[in-house]
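Numbering (the working numbering), first residue to last: 9 to 146.
Ideal Cβ placement from N, Cα and C applies to all residues, glycine included.
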């Protein structure tokens, strides 16, 4: 039988099956996340790069307010973009994610790129959160 969760070294329990929201279409993701939580999903994976965290936040607020699930019973993962990895940029990046998701905390905040990029070194990029993944070095 597959594990229902994985236990991290901190003791946190991560549900082994989660809903990925990458490329979830605008106007659809709110209903998808709500339906997934109602169906039993307890791990939602998201990122600002996916450009749908605000809609995910609407869904999370609804299922939490409606009592479908308690906040402590759902595991939310988000990711920091490579251009936000400078120590002075991290607080505003996480604050933006928390605001969009309408949450007080995320359970896991990942750096999935492993590198940092200078947003000012990329011409035409006024808001570094909108950079395509290709602009962060691998």
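Inter-residue spacing [alpha-carbon to alpha-carbon] between residue i and residue j
i	j	result
residue 37	residue 67	8 angstroms
residue 60	residue 29	8 angstroms
residue 32	residue 39	11 angstroms
residue 97	residue 85	19 angstroms
residue 49	residue 13	12 angstroms
residue 147	residue 57	This structure leaves residue 147 out entirely; the chain is present only between 9 and 146.
residue 80	residue 106	15 angstroms
residue 34	residue 20	31 angstroms
residue 113	residue 82	11 angstroms
Bridge partner(s) assigned by DSSP for residue i
i	result
residue 86	117
residue 23	13
Range of the contiguous alpha helix (DSSP H) that encloses residue i
i	result
residue 73	61-73
residue 213	No answer is possible for residue 213: the residues shown for the chain start at 9 and end at 146.
residue 103	98-109
Assigned exposure category for residue i - 16 Cβ within 10 Å defines buried
i	result
residue 100	exposed
residue 78	exposed
residue 16	exposed
Same chain, Cβ closer than 6 angstroms to residue i, five either side skipped, listed in chain order
i	result
residue 87	55, 118, 120
residue 92	101
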